[in-house]
Amino acid sequence: MLKGKTALVTGSTSGIGLGIAKALAAQGAHIVLNGFGDIEGPQAEIVALGSEVSYHGADMSKPAEIEAMVKHASERFGSLDILVNNAGIQHVARIENFPVERWDAIIAINMSSVFHATRAALPAMRAKNWGRIINVASIHGLVASAEKSAYVTAKHGVVGLTKVTALENATTGVTCNAICPGWVLTPLVQKQVDAKAAALGISNDEAIRLLLGEKEPSMQFTTPEELGELAVFFCSPAGNNVRGVAWNMDGGWTAQ
Ligand code: NAD
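Note that the numbering used here has the sequence shown beginning at 974, numbered continuously upward.
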């Protein structure tokens, strides 16, 4: 379905970003990966799906590097058709104890990067009259949790920016939507499981049951593969008039 298209997925060396990159690759898209840590493993996973892959190491807190990455994606494969804004970090602390440096980093990486990548990618998408911008927000773009001030602020911002992007391009073939996952067991969440297990002196499995039990009625994690299939739907012809939605995949978290 996506043969000949190019997708740039930010923060795709791990977790949800890698899951979405693989789902788009399985549909035939060329993939540009981004993020830190192991790069060769994720690249090999994309190649194994029969797609071409490239990598750009832009730091998503740096606007000039984001612009350079978008340019690289267009030049490497001839166009940039699908932009998945996914990179994100977390820090958990009460507001009065929240390190200012962590606040600034979360706002830059989780929210402002979406603006910078979108503004760089839009002109070429509009010129082709086809594009998909998919913002990986969070259930924390819709509701809050204590001790996550920067993350909740950034993700609410991403949901707002998604709507503005959708409206500004509503008469074109460029759509913009957000995905709002509940708990997904990635390195970002495993850190929170580890902190809970250490604080309460309980096992990993008990900490997971507590974490899910606080918020997620299904008592199940959403998987990167499931989120990847939602991204594929947004890119499909059936997604042509899906504009500005914030779509939960949250095991019933926000139904309560
Ligand atoms: P993860 O830690 O597995 O992956 C994060 C990715 O972002 C990695 O590839 C990392 O290298 C990259 N990254 C981090 N800082 C970066 C920077 N400055 N520049 C470039 N890349 C950077 O986390 P994840 O759980 O897969 O999270 C992906 C996205 O999904 C985030 O935006 C997160 O907020 C969101 N999300 C996660 C969950 C969850 O439960 N895991 C739930 C809702 C939303």
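Glycine is no exception: its CB is placed at the ideal position from the N, C-alpha and C atoms.
Bear in mind the structure is a predicted one, so any value in this text is a computation, not a measurement.
Problem - Boundaries of the beta strand (DSSP E) in which Trp1156 is found, first to last residue - result: Per DSSP, Trp1156 belongs to no beta strand (DSSP E) and is neither H nor E.
Exercise for the section: Report whether the distance from the Cβ of Thr1196 to the nearest heavy atom of ligand 1 is below 7 Å. Expected result: no
Problem - Beta-carbon contacts of Ile993 that lie in its chain and below 8 Å, excluding the five residues immediately before and after - result: Around Ile993: Val982, Ser985, Val1057, Asn1059, Ile1107, Val1109, Pro1197, Leu1200, Gly1201 and Ala1204.
Practice task
Return yes when the C-beta of Gly1014 is under 7 Å from any heavy atom of ligand 1, and no when it is not.
Solution key: no
Exercise for the section: Would you check if there are 3 or more beta carbon pairs closer than 8 Å linking the region 1034-1045 to the region 1086-1095? Expected result: yes
Practice task
Ignore the nearest five residues each way along the sequence and tell me which others in Pro1190's own chain have a CB closer than 8 Å to its CB.
Solution key: Gly1224, Gly1225, Trp1226, Ala1228 and Gln1229
Practice task
Determine contact between the region 1210-1225 and the region 1175-1184, defined as no fewer than three beta-carbon pairs at a distance below 8 Å.
Solution key: The region 1210-1225 makes no contact with the region 1175-1184; the number of CB pairs closer than 8 Å stays below 3.
Problem - Proximity test, Leu1161 beta-carbon vs ligand 1 heavy atom, cut-off 7 Å - result: yes
Exercise for the section: Could you tell me if the beta carbon of Trp1076 falls within a distance shorter than 7 Å of some heavy atom in ligand 1? Expected result: no
Exercise for the section: Within the same chain, show all residues whose beta-carbon is closer than 6 Å to that of Gly990, passing over the 5 residues directly before and after it, in chain order. Expected result: Val982, Gly984 and Asn1059
Problem - Any non-hydrogen atom of ligand 1 closer than 7 Å to Ile1082 Cβ - result: yes
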